[in-house]
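Top line first, the protein sequences correspond to chains Z and U.
346 is the number that numbering that gives the first Met the number 0 gives to position 347 of the first sequence; each next residue is one higher, with no gaps.
320 is the number that numbering that gives the first Met the number 0 gives to position 321 of the second sequence; each next residue is one higher, with no gaps.
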Amino acid sequence: MSFTFNSVRIAALAVCSSIAMLAQAAPPLKIVGPWEIHSIDPAGNGVFFTRLQVAESLVDADTKSVLRPGLAESWKVSADKLSWRFVLRKNAFFHDGSPLTAQDVVRSLEIARKKPGVIKTAPIKQISAQKGDVIVELTKPFALLPALLAHASTQILAPASYAADGNVKQVIATGPYRISQLAQPQSILVERFDKWWGKAPDIDAVSYLSVSRAESRALMAESGQADITFGLDPVSVGRVRQKGSVQIVSVTLPRTILVKFNAAHAALKDVDARRAISLAIDRAGLTKALLRDPEMAATQLFPPTMADWHRSDIPPLKHDPKQAVQLLAALGWKPGSDGVLMRDGKPFELTLRTFPDRPELPPIATAIQDQLRKVGIAVRVSIGNSSEIPAGHRDGTLELGMGARNFALVPDPLVTLIDDYGDKGGDWGAMNWSSPVVTTALQRLAVDPTDNEARAHRAQVVTQLQSELPVLPIAWYRQSAAVTRKLEGVVLDPLERSYLLTEMRWRKP
Amino acid sequence: MIASSVITMGALSRRIAGQRLVQFVLVTLVVCSLCFLIVQQLPGDVAFRIAAGRYGYDYVTADAAEAVRRELGLDLPAWQQFVRWVGRTLSGDFGVSLVTGVGVATELGEHLRNTFELALSSLFLAMLVGLPVGVLSGLRPGGGLDRLTLAWTVAARALPAFMFGLLLILVFSVHLEWFPVAGNEEGGTLLLPTITLAAGLAGLMARIVRDNVIQVTASEYYRFALYKGLSPASVFFRHGLRNIGVTSITYAGMQLILLLEGVVVVESLFAWPGLGHALVHSVFWRDVPMIQGCALMMAWLFVGMNTVTDLACLAIDPRGRRE
């Protein structure tokens, strides 16, 4: 009986809330995407709240990765490069109405330092508040500090956000939007925060719904239920494009689909074996058929939009299966009875691990499997959880791992590259491979070189990665979103830091 | 009539409730232990899995996994983790979701409400359609309506809920633009998942009712009542309906498990934030307290539904007051 009573109550509630929604001036802007709201902690899923422009950090970045003031209106480094002073905005308020103070910033950053996150990369000695400014002292010079302080894990939250143990119990931040309803892990509603320091945005309220199935998302875009839809598979993009009321907006991300090699594996430790695998892969065909976007075939690790890191003067990665076969033969591999190459009585067999979070990865993995089979390499594709790649890196069992590496975790790709290609390699970068040239160049880049020096160091890194192939670039990445024509001013952020809601407007009828 | 053979309704209900209570305790223990064992056996390192859930694939690294392992005591031996968890569950503490950091009880409450909303509306719709159709086709076996329900039942069972749901979305949301596709935020979102679930259930219910109607109308007591000169309508309402009801309810109660099975798929397709959706996701992210909470909740629902079915049968069974 009580069930029926409950459902009547629920129905009544639903009716009331629908009426209440109708009474509001405008419905919220509806965003649909695959990402779930897993954690509200900046160290966990913080980027979610940066994207919705709920939370801000000291430093911000524009769509060209150029740093710009966030909650700090300016910053400068001392002559010995060991002390950074961040001057805070005077007119910044938290969503509970309290003003932002230097102490709040110090608290948030100190808590961030105790959790896993990029801030640990910085050689920080001490963070303190001084006359309303924030002072960060370092043990050695580190030019990347402002870029690190743009990362979502360094969001500044109000004191009331934290529980006694430093865990985040509520997101009370400073952005142009504040949370009005949060139903983890599926949905969130944010509304305009009138005391934000910047120009008041045009869009009053924004809802986000996490929808795990790509086909459901595409149908929501087509039916007009969603105003902006992320995470569409290439086939759906084509279909949605035909719908007159929806447009497709795209941007090339600083993200590359790559295969990580275990360079200590008997069959992979020779650079010629890695080159042969690279030559066996038809990237143009693969991107055309699976991504419907042949321009995204990677000819080197970094896409052309990463202007500092892309080099048009190095020989591109090619498709040449004949040369691949010759290289493998020179390494002593001979075709066995079933076509699989054999050496010392062992077949050339590898396991490629990947994951389905990005829907194009599993089909690309099977295409690679097929292309390598043609030169005599047997690949077993294992589709599991993204964590199996770092776990396999750590316990040494990984042979090949494919993911879509994001080089813009912080606005400067250098932070990610130091992690991935430093002397110890990285969970998502090199495995059992290091190059003194690359290590030194990366270290020097982190210590504020002149422009010319920086250019030379970057050239060394790129050239070395291209010739040694510790990872195999497969495809660059274009992010597309379906956007209703009712909206204007929609721009996708290549850094995936922000939905840039403050730039959007409803089109006047 | 011997007094001692008469068992009152109250005593019988109490006996049923007692049996179900024992079942409830046993099911709880079995589900808890099985869940724990299965999660332990799943491939992959739990700490890495949870880190992937918390930090996302861009940030899942060995450091993040180590932090998770330390924080959650995953380096303890399995049996100690189990004892810790059972102890907490018995004291009413379901723990905290490893991924979202929200209390499992809070999250389950929300999911349970959504699942109830979906399950009850589907059940209601299935009964609204299935019962009258079943009775009418049972009264005229082999007639047009009877053959139609047979075709419908076969089709609804053969077509997976996932397919049927997609078809509904294509027709009603994309082409006609009448209802939203997914989510539970706006009005009208309940309709399509309800129809998807109810379609299969209604067909099945109609078939069960039809078979019972045929059986009861062919019985001696039913024909005797007709010979006695009562009108067909009064025979049906006085001697038919309750007898048909008992078997139909028992059978339909058993079919309710289809609902629980259906919500897992349907909730996922329609992004309906219920128990099924939560279970799938918590398994994927190895969110152990959530997996255990969801599985327990589903087991309890099953026991609960069986109890309600038993009591409902008891209430309408004409023989109910005597042994």
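Just so you know, even glycine gets a beta-carbon here, dropped at the ideal spot from N, CA and C.
Less than 7 Å between C-beta atoms, sequence neighbours within five positions excluded: which residues of the same chain meet that for U/L215?
Mapped onto the second sequence, residue 215 of chain U falls at position 216. A small correction: the amino acid at residue 215 of chain U is Val; Leu does not occupy that position in the sequence shown. In chain order, Y221, G239, N242 and I243 place their CB closer than 7 Å to the CB of U/V215, counting only its own chain and leaving out the 5 sequence neighbours on each side.
Name the residue from U/L138, U/L149 and U/L165 whose alpha carbon lies nearest to the alpha carbon of U/A270.
Here the question's residue 270 of chain U lines up with position 271 in the second sequence. Of U/L138, U/L149 and U/L165, the residue nearest in Cα terms is U/L165.
For Z/E109, which option in Z/T449, Z/D307, Z/I134 and Z/D232 has the closest C-alpha, if you only look at C-alpha atoms?
What you label residue 109 of chain Z is simply residue 110 of the first sequence in a count that begins at 1. If we check each option's Cα against that of Z/E109, Z/I134 comes out closest.
Is it buried or exposed, U/N305, if we count other Cβ atoms within 10 angstroms and call 16 or more buried?
Within the second sequence, numbered from 1, the residue matching residue 305 of chain U stands at position 306. So U/N305 counts as buried.
Report all residues from its chain with a CB closer than 6 Å to the CB of Z/F406; omit the five preceding and five following residues, and keep chain order.
Counted from its first residue, the first sequence places residue 406 of chain Z at position 407. Excluding sequence neighbours, Z/F406 sits near P253, P412 and T415.
Taking Cβ positions only, does Z/E214 come closer than 8 Å to chain C?
Given the protein chain composition of this structure (Z and U), no chain C is represented.
Select from Z/L327, Z/I155 and Z/P303 the residue whose C-alpha is nearest the C-alpha of Z/V270.
For the purposes of this step, residue 270 of chain Z is identified with residue 271 of the first sequence, where counting begins at 1. Selected option, being the one with the closest Cα: Z/L327.
Please report the distance separating the alpha-carbon of U/I194 from that of U/F283.
Locating residue 194 of chain U in the second sequence gives position 195, where the first residue counts as 1. Locating residue 283 of chain U in the second sequence gives position 284, where the first residue counts as 1. So the alpha carbons of these two residues sit roughly 28 Å apart.
If you follow the beta strand (DSSP E) that Z/L351 is in, where does it begin and where does it stop?
Mapped onto the first sequence, residue 351 of chain Z falls at position 352. Here the beta strand (DSSP E) through Z/L351 covers E348 to T353.
On the DSSP letters alone, give me the boundaries of the beta strand (DSSP E) that Z/Q180 sits inside.
Position 181 of the first sequence holds residue 180 of chain Z. Residues Y176 to A182.
Within 8 Å (strictly less), CB to CB, does Z/V210 reach chain U?
Taking the first residue of the first sequence as position 1, residue 210 of chain Z is located at position 211. Answer yes: the Cβ-Cβ gap between Z/V210 and chain U drops below 8 Å somewhere.
Just curious, the alpha helix (DSSP H) that Z/R282 is in, first and last residue?
Translated into the one-based positions of the first sequence, residue 282 of chain Z becomes position 283. Unbroken alpha helix (DSSP H) run through Z/R282: R282 to L285.
Give the range of the beta strand (DSSP E) segment to which Z/W475 is assigned.
Numbered from 1 along the first sequence, position 476 holds the residue referred to as residue 475 of chain Z. Counting along the chain, the beta strand (DSSP E) containing Z/W475 begins and ends at V470 to T483.
What are the partner residues of Z/M401, as DSSP defines its beta bridges?
Walking along the first sequence from the start, residue 401 of chain Z turns up at place 402. Note: Z/M401 sits in a beta bridge opposite Z/V258.
Give a yes or no on whether the minimum CB-CB distance between Z/D356 and chain U is below 8 Å.
Indexing the first sequence from 1 puts residue 356 of chain Z at position 357. Interface flag for Z/D356 against chain U is set, since a Cβ pair is found closer than 8 Å.
For chain U, check one thing: does any of its Cβ atoms lie closer than 8 Å to the Cβ of Z/S235?
Within the first sequence, numbered from 1, the residue matching residue 235 of chain Z stands at position 236. No, no contact with chain U.
Which of the residues in the stretch 368-394 of chain Z, read from start to end, lie with their CB under 9 Å from any CB of chain U?
The residues in question are G383, N384, S385, S386, E387, I388, P389, A390, H392, R393 and D394.
Determine the direct distance from the alpha carbon of Z/V339 to that of Z/D40, and round the result to whole angstroms.
Counting from one through the first sequence, the residue named residue 40 of chain Z turns up at place 41. Counting from one through the first sequence, the residue named residue 339 of chain Z turns up at place 340. Going by the C-alpha atoms only, they are around 49 Å apart.
So, is the C-beta of U/F163 closer than 8 Å to a C-beta in chain Z?
As a position in the second sequence, residue 163 of chain U is number 164, starting the count at 1. It does not; no Cβ of chain Z falls within 8 Å.
Taking DSSP as the reference, what is the three-state secondary structure of Z/I227?
Taking the first sequence and counting its residues from 1, one reaches residue 227 of chain Z at position 228. Looking at Z/I227 - three-state DSSP - the assignment turns out to be strand.
Taking only beta-carbon positions, decide if Z/V398 is within less than 8 Å of chain U.
In the first sequence, residue 398 of chain Z corresponds to position 399, counting from 1. Note on residue identity: the sequence assigns Glu, not Val, to residue 398 of chain Z. Not one chain U Cβ lies under 8 Å of Z/E398.
Mind checking whether Z/A455 and Z/V248 have CB atoms under 8 Å apart?
In the first sequence, counting from the first residue as 1, residue 455 of chain Z sits at position 456. In the first sequence, counting from the first residue as 1, residue 248 of chain Z sits at position 249. In this structure, Z/V248 does not lie closer than 8 Å to Z/A455 by Cβ.
So, under 8 Å CB-CB, Z/P320 and Z/L267 are touching, yes? Tell me the CB distance rounded to an integer number of Å.
The sequence position of residue 320 of chain Z within the first sequence is 321, counting from 1. The sequence position of residue 267 of chain Z within the first sequence is 268, counting from 1. Not quite, the Cβ-Cβ distance comes to about 18 Å (not below 8 Å), so this is no contact.
Does U/D309 get closer than 8 Å to chain Z when you measure Cβ to Cβ?
Numbered from its first residue, the second sequence carries residue 309 of chain U at position 310. Cβ-Cβ to chain Z under 8 Å: no for U/D309.
Restricting to Cα atoms, I'd like to know which of Z/I202, Z/I187 and Z/A101 is closest to Z/L499.
Within the first sequence, the letter at position 500 stands for residue 499 of chain Z. Nearest option by C-alpha distance: Z/I202.
Flag Z/E221 as yes if its beta-carbon sits less than 8 Å from any beta-carbon of chain U, otherwise no.
Along the first sequence, read from residue 1 onward, the residue named residue 221 of chain Z stands at position 222. Z/E221 has a beta carbon lying within less than 8 Å of a beta carbon in chain U.
Using a Cβ cut-off of 8 Å (strictly closer), state whether U/R13 contacts chain Z.
Taking the second sequence and counting its residues from 1, one reaches residue 13 of chain U at position 14. Cβ-Cβ to chain Z under 8 Å: no for U/R13.
Report the residues of the stretch 27-60 of chain U with a CB closer than 8 Å to any CB of chain Z, ordered along the chain.
P42, G43, D44, F47, R48, A50, A51, G52, R53, Y54, G55, Y56, D57, Y58, V59 and T60
Cα separation between Z/H392 and Z/D418?
Locating residue 392 of chain Z in the first sequence gives position 393, where the first residue counts as 1. Locating residue 418 of chain Z in the first sequence gives position 419, where the first residue counts as 1. Cα to Cα, the separation comes out at about 14 Å.
Just to confirm, is the Cβ distance from Z/L491 to Z/V245 under 8 Å?
Within the first sequence, residue 491 of chain Z is the residue found at index 492, counting from 1. Within the first sequence, residue 245 of chain Z is the residue found at index 246, counting from 1. Contact flag unset, no.
Cβ atoms of Z/L66 and Z/F260: under 8 Å apart, would you say?
Translated into positions along the first sequence, residue 260 of chain Z becomes position 261. Translated into positions along the first sequence, residue 66 of chain Z becomes position 67. The answer is no: Cβ separation not under 8 Å.
Using DSSP with H/G/I as helix, E/B as strand and the rest coil, what is U/R146?
By 1-based counting over the second sequence, the position of residue 146 of chain U is 147. Correct three-state label for U/R146: helix.
In this structure, how does DSSP classify Z/I202 when only helix, strand and coil are distinguished?
For the purposes of this step, residue 202 of chain Z is taken as the residue at position 203 of the first sequence. Looking at Z/I202 - three-state DSSP - the assignment turns out to be coil, as it is neither helix nor strand.
When the Cα atoms are used, what is the spatial distance from U/M253 to Z/I382?
For the purposes of this step, residue 253 of chain U is identified with residue 254 of the second sequence, where counting begins at 1. For the purposes of this step, residue 382 of chain Z is identified with residue 383 of the first sequence, where counting begins at 1. Spanning the two alpha carbons is a distance of roughly 37 Å.
Helix, strand or coil for U/S247 per DSSP?
Position 248 of the second sequence, counting from 1, holds the residue named residue 247 of chain U. Residue state, collapsed to three classes: helix.
Tell me which residues share the same chain as Z/E294 and place their Cβ nearer than 7 Å to its Cβ, disregarding the 5 neighbours each side in the sequence.
To locate residue 294 of chain Z, count along the first sequence from 1; it is residue 295. Cβ neighbours of Z/E294 beyond the five flanking positions: none.
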